[in-house]
Every structure is written in structure tokens, then in C-alpha cells.
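Just below is one structure, and these are the notes that go with it.
Protein chains: 2
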Amino acid sequence: MSLLTVGSVAFDKIETPFGKTDKIIGGAATYISLAASYFTKKNNLVGIVGKDFPSEMIETLVKHGVNTDGLEVDPNGLTFFWSGKYHNDMNSRDTLDTQLNVLENYEPVIPETYQDCKYLMLGNMVPCIQHATLKKFHMRPKFVMLDTMNLWMDIAMDDLKAVIREIDCLTINDSEARQLSGEYSLRKAAKVIMQTGPTTLIIKKGEHGALLFQDDKIFFCPALPLEDVFDPTGAGDTFAGGFIGHLAKTDDTSFENMKRAVIYGSAMASFTVEKFGTERILNLTETEIDNRVMEFVQLASFDLS
Amino acid sequence: MSLLTVGSVAFDKIETPFGKTDKIIGGAATYISLAASYFTKKNNLVGIVGKDFPSEMIETLVKHGVNTDGLEVDPNGLTFFWSGKYHNDMNSRDTLDTQLNVLENYEPVIPETYQDCKYLMLGNMVPCIQHATLKKFHMRPKFVMLDTMNLWMDIAMDDLKAVIREIDCLTINDSEARQLSGEYSLRKAAKVIMQTGPTTLIIKKGEHGALLFQDDKIFFCPALPLEDVFDPTGAGDTFAGGFIGHLAKTDDTSFENMKRAVIYGSAMASFTVEKFGTERILNLTETEIDNRVMEFVQLASFDLS
Numbered sequence: 004m005s006l007l008t009v010g011s012v013a014f015d016k017i018e019t020p021f022g023k024t025d026k027i028i029g030g031a032a033t034y035i036s037l038a039a040s041y042f043t044k045k046n047n048l049v050g051i052v053g054k055d056f057p058s059e060m061i062e063t064l065v066k067h068g069v070n071t072d073g074l075e076v077d078p079n080g081l082t083f084f085w086s087g088k089y090h091n092d093m094n095s096r097d098t099l100d101t102q103l104n105v106l107e108n109y110e111p112v113i114p115e116t117y118q119d120c121k122y123l124m125l126g127n128m129v130p131c132i133q134h135a136t137l138k139k140f141h142m143r144p145k146f147v148m149l150d151t152m153n154l155w156m157d158i159a160m161d162d163l164k165a166v167i168r169e170i171d172c173l174t175i176n177d178s179e180a181r182q183l184s185g186e187y188s189l190r191k192a193a194k195v196i197m198q199t200g201p202t203t204l205i206i207k208k209g210e211h212g213a214l215l216f217q218d219d220k221i222f223f224c225p226a227l228p229l230e231d232v233f234d235p236t237g238a239g240d241t242f243a244g245g246f247i248g249h250l251a252k253t254d255d256t257s258f259e260n261m262k263r264a265v266i267y268g269s270a271m272a273s274f275t276v277e278k279f280g281t282e283r284i285l286n287l288t289e290t291e292i293d294n295r296v297m298e299f300v301q302l303a304s305f306d307l308s
Numbered sequence: 004m005s006l007l008t009v010g011s012v013a014f015d016k017i018e019t020p021f022g023k024t025d026k027i028i029g030g031a032a033t034y035i036s037l038a039a040s041y042f043t044k045k046n047n048l049v050g051i052v053g054k055d056f057p058s059e060m061i062e063t064l065v066k067h068g069v070n071t072d073g074l075e076v077d078p079n080g081l082t083f084f085w086s087g088k089y090h091n092d093m094n095s096r097d098t099l100d101t102q103l104n105v106l107e108n109y110e111p112v113i114p115e116t117y118q119d120c121k122y123l124m125l126g127n128m129v130p131c132i133q134h135a136t137l138k139k140f141h142m143r144p145k146f147v148m149l150d151t152m153n154l155w156m157d158i159a160m161d162d163l164k165a166v167i168r169e170i171d172c173l174t175i176n177d178s179e180a181r182q183l184s185g186e187y188s189l190r191k192a193a194k195v196i197m198q199t200g201p202t203t204l205i206i207k208k209g210e211h212g213a214l215l216f217q218d219d220k221i222f223f224c225p226a227l228p229l230e231d232v233f234d235p236t237g238a239g240d241t242f243a244g245g246f247i248g249h250l251a252k253t254d255d256t257s258f259e260n261m262k263r264a265v266i267y268g269s270a271m272a273s274f275t276v277e278k279f280g281t282e283r284i285l286n287l288t289e290t291e292i293d294n295r296v297m298e299f300v301q302l303a304s305f306d307l308s
């Protein structure tokens, strides 16, 4: 089934204890689309870049099977830019610079040829824009997933809650789940959040794995203990791309299949952090992905008898 | 096979966001022995208490099948006392008071009838005392497991390294693994630590689960997401008790069986934190434990096909 990702395509400048980059390609929709490209061939992108965005990167996306008809190029503006520095623990970071540029007044346009998309991924953006985007579909997609961040909980909680009411699956990290629900226990937080709209909730815990909640069911997927985490940027988006890519490929939103999707998403995220930016997920082979998934199987499997 | 636990038996006074206790029974060896009692009937204890320790608690241990012949009662001293206050996140705590009392000059004595123990658990204590205890066996036990803490890394690292060289399995938390190895990556930390003695390493991550390392093999066991964590005191010791209790019961130290032991240990720990002190693990039924273990199976199981 076809997937549509709506979100930022950006330049990032990243500093980690392992080194720093110049401006490199980033953005939620970039990571999501690239990760999903290993699972589904009907992979559509809606976003905006400026005149400074390299056409080679758009060609790279197209080579990965991403339909970029919905990627606007603003000839008068500059691409969204984010710069950040990770602390030694790689779990926390400081934002050094944010330049919204073409994102400032952007309202996504859904090309008519995308209207029949069954799986919709709303990458992290201003909640009212996510909401407006969802309303632009003649027919609501079968499965709507949304990513957000603490910033919107701080400054646009009502807008965020309004769009969360309309979605099927929310993906946030543990501190965001606590902030959104007012509950410290993640089990309680999940209950509270799922009463406000989404039937499925994914709580990402970074190096500590991810929790999938649906009704009374819980699944835990560990993160792979890696020798080195080189750059965590995009890990959450890559996870989301692998997750929804697998769902779109199989067109199966049962809990059992979502568990598989969480494994695939986690495997994809484990690649992303091994190099700066999108570098590691640009040229993965099927064998590499299969082997990585098998590492998760070995890591988590046990037999009581 | 028979298990011997050497460690502290204590009074604790605990304050958490949910309430506070007067002096209640605590101590590493108490939690370990109680947890192990649900798995093995050959369960021996070596430790010391003072004249203020209630004989009812010793009777309770005996009722759980714990052989207390090795539990000294010092008629002139007071029992080791620890008081602490947990922060709101329940992951960090402040020590309010520590009174070593009878532990100050204690050197464990191994009763002759314990000499044939095959499984030895050295609970958290001064490393040189742990080492001296190990040397008191005519024949080294088949499997020696040791728990320790950051304090000994700060003030007695050489002594700690000397005893770690002699053991089979070390259990520490993630920050201790980083401190002991000088490596941030837990995968690298495990490699470094396992080159210094133990063939098996368990890294406890509290609410984030536990990692079991042996050679190049890794197993991850999640922690059960609980509605409420009431009091984390003793969770690590209860884990260790369930783990080594299962090993002693089955007399099987293969990696596959250690994975099961980690699940049982985690299940036991998940009970402990539901109430203050040892209260929750005093009267568990087999059905309760089986059901809890099944929650771990459901939490972690997936099928790729």
C-alpha cells in the first residue's frame, strides 16, 4: 500500500563527541522516506526546500523510489536549518541554531495523485499544520501516524491535542509521554494518552529501546547495544520510517504485525546512529538489514522450557 | 544444588514519594535469600545481626527454607542500619544515614556444613571481605557471583578488581559498568570487564531492564512497565536472588539457562518494588510467579514470520 510522508527536509549541522559536520542533509521526512524506501516502493513525500538545496539529494531520494512530486522548491527562500551539539552521554543535546526559512509560512499541499495514500506519516511539525494537512484528504487515510516533540507541548498543547484526537498512532519519547499525560509511570501515561485519540502509542526510549502500546497489550523492543553511537540525529525518524514502511508494505495493522514493524524500525534506527546524518541509511543492502534484524531476534529471544 | 548467600542483613528506613517507613528489615542477603527461596530449598545464609534484630524475622527466613546457622547474632552490637530518600524519578536516591554497627569489624565465618555449597552469592560488601570469604572455602564453589557498588570503585578499586578476578559472574548497574571499565558504550564496557575475570556479566538498568553478557553473546531482558514503582530498595538484590536461585535449582550455567534465570530474577524484582521493603516477596505463590513470568514472555515475544 502507498505511504505518504509529510515533514521537514532540512540542512543540519551536528557536533558530537566524535566530530562535527558542515551543513549536511537532514529533516524528519528525509529520514522517514529513506528508511521506508527499504520496505515499500509506493513512497511519497510532501515537504519544502529552498533554492540552496542540492538537486543531487532530490535525485538520491528518487533513486530510492521516493516520489518527490510533492516536494516544493521555493526559488526565493532557503532550506530549514538546524544546528545542535550532543553531550557526552549522547542522550541530551543543545540546539545551537534554528532557522525556519521556507518552513516559516509553509502549508503542505497534497498532490492529487497522492490522495489515495493509505498510510500517512505526519513528521514532527507545528501541530496546527499537521492538523490542516490531515484535513486536506478527500478521504481519511487508513492509518495516520504522528510524531511530535516537547516544544509543541510547551507552546501549542491545545493544537497538539486537537490533532492527536484524529490519529491512529502517536510516537513520542519517554519524557514527552510524561509531559503529555502528567503521569510518571509509562504504563499509566500510555493509558491516559490512548484515551485522547490514538489506539496505538509508541514510546521511544533511545538507547533503552521502545514500548508499543495498544489496548491492554504491551510489547517491548530493546535497542541494540552498539559499540559506538556516532550521531543520534534522525534515529527517531528512521525508526518511524521503518515502522510505517513495514506496515504499508504488508498492509496489516494487527498488533502482531506492529511488533514486527517495531523491530524493523529499531533495526533501521540502529544503522542511522552509526554514522553522521543519513550516510549509513543511503546504501543498505537487504542482507545487511536481515542480519541486523536477526541480531534483535538473538538479543531478545529466550525459551522458558 | 545448594546455594550460599553471604551479605548484609539490616534495618532500613525508607522514604519515597509514596510514603515513608519506620525501621524495617532490609539488607542484601535478606532480599537475595528470600527471592532464592522460591527456587531452591538448599538455601544457606551467612551474615551478622545485632541484639536488636527481631527473632521473628529469623523465623520467617527459616520458614522460607533458609538455613540461618551461618547468621551470627552479636549480643553486644546493633544491626547495620541504612536510611535513604528516593527522588521523584525513583531512579536516584540520597543516603540519609548509614550506621555500620556489627558490620564494622565483621568477617564472615563459613560453617563447615556449608562448605559443599556449589553456588555462592557474594552480596554487596567491602571487597576485601568478599575476597577473604571466597578464600575460606576448602574447594572453590562451582559458580561464584558477586554484587558490588560505585562506593567501592571510589575507595577500594584495587581490592575490588582483585576479587572480581576470581569470580564467574559480576552484577552491577550501568553507571557502575561505565565507571569500572572507563567505557561509555555498555557493549565495550562488558568486553573490558569480562577480560578481567568474570565470564558472565549482568548489567542492571533498573526500569530499563537488564543485559546479560557472556563471550560474544548478549541477551536483553526488559523490566516490566509497572503502574507504580512504590519502593525500589532491594530490587537489584531480589533480581540476583531469583537469578542464582534458578541456576542453583537447575544446576545449569549454560547461556540459554542464564537467559531464563534473568527472566526469573526480573520477575522477582518486579514484585519487590510494588511494596515497601521485603513485604511483597514474603508471601508469593507459585501461580503469582508463573503469571508474572508470562507477562515477561508476552512483553518480549515476537514472531517475524
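Protein sequences appear in the order of chains E and W. Sequential numbering from 4 applies to the first sequence in my numbering. Sequential numbering from 4 applies to the second sequence in my numbering. Even for Gly, the Cβ is constructed at its ideal location relative to N, Cα and C. Keep in mind the model is a prediction, meaning the values are calculated, not measured.
- In the pairwise beta carbon analysis, the stretch 116–123 of chain W is classified as not touching the stretch 53–68 of chain W: fewer than three pairs are separated by under 8 Å.
- Within chain E, the residues placing a beta-carbon under 9 Å from that of residue 188 (chain W) are 228, 229, 230, 231 and 232, ordered along the chain.
- A straight-line Cα-Cα distance of about 7 Å links residue 193 (chain E) and residue 204 (chain E).
- Going by C-alpha positions, residue 176 (chain W) is about 52 Å away from residue 114 (chain E).
- Ranked by Cα distance from residue 125 (chain W), the first of W:108, W:144 and W:160 is W:144.
- No Cβ of chain W is located within less than 8 Å of the beta carbon of residue 114 (chain E).
- When DSSP states are grouped into helix, strand and coil, residue 68 (chain E) belongs to the coil group.
- Rounded to the nearest angstrom, the gap between the Cα atoms of residue 127 (chain W) and residue 173 (chain W) is 11 Å.
- Identification of chain E residues near residue 262 (chain W) by a Cβ-Cβ cut-off of 7 Å yields 305, ordered along the chain.
- When Cβ-Cβ separations below 8 Å define contact, residue 225 (chain W) makes contact with chain E.
- With the rule of 3 Cβ pairs closer than 8 Å, the stretch 208–228 of chain E does not count as touching the stretch 16–23 of chain E.
- In the DSSP assignment, residue 85 (chain W) forms a beta bridge with W:15 and W:101.
- For residue 246 (chain W), the three-state secondary structure derived from DSSP is helix.
- If you look at residue 267 (chain E), you'll find it in the alpha helix (DSSP H) that goes 258–275.
- About 6 Å separates the beta carbons of residue 71 (chain W) and residue 64 (chain W), which is inside the 8 Å limit, making them a contact pair.
- Considering only E:74, E:212 and E:190, the residue with the shortest C-alpha distance to residue 265 (chain E) is E:212.
- At a cut-off of 8 Å, the C-beta of residue 302 (chain E) has a neighbouring C-beta in chain W.
- Residues of the same chain with a CB within less than 8 Å of the CB of residue 207 (chain E), apart from the 5 flanking positions on each side, are 174, 175, 176, 177, 213, 239 and 242 in chain order.
- Per the Cβ contact rule, the stretch 270–288 of chain E is not in contact with the stretch 262–282 of chain W (fewer than 3 Cβ pairs under 8 Å).
- With a threshold of 8 Å between beta carbons, residue 195 (chain E) makes no contact with chain W.
- Cβ contact annotation for residue 163 (chain E) (same chain, cutoff 7 Å, sequence separation greater than five): 130, 151, 155 and 156, in chain order.
- No Cβ of chain E is located within less than 8 Å of the beta carbon of residue 179 (chain W).
- A residue is called buried when at least 16 other Cβ atoms come within 10 angstroms of its Cβ; residue 168 (chain W) does not meet this threshold and is exposed.
- A distance below 6 Å between beta-carbons, with the five flanking residues on each side excluded, links residue 251 (chain E) to the following residues of its chain, in chain order: 4, 6, 43 and 122.
- With a threshold of 16 other beta carbon atoms within 10 Å, residue 8 (chain W) meets it and is buried.
- Judged by DSSP secondary structure, residue 293 (chain W) falls within the alpha helix (DSSP H) whose first and last residues are 289–303.
- Residues of chain E with a Cβ closer than 7 Å to the Cβ of residue 191 (chain W) are, in chain order, 230.
- Here the alpha carbons of residue 209 (chain E) and residue 181 (chain W) stand approximately 18 Å from one another.
- Uninterrupted alpha helix (DSSP H) stretches at least 4 residues long and entirely within the stretch 148–230 of chain W occur at 153–158, 160–167, 177–184 and 189–197, given in chain order.
- When the alpha-carbon of residue 79 (chain E) is set against those of E:45, E:104, E:12 and E:257, the nearest one is in E:104.
- A straight-line Cα-Cα distance of about 35 Å links residue 38 (chain W) and residue 179 (chain E).
- Of all residues in the stretch 84–107 of chain E, the ones placed with a Cβ closer than 9 Å to any Cβ belonging to chain W are 91, 92 and 93, in chain order.
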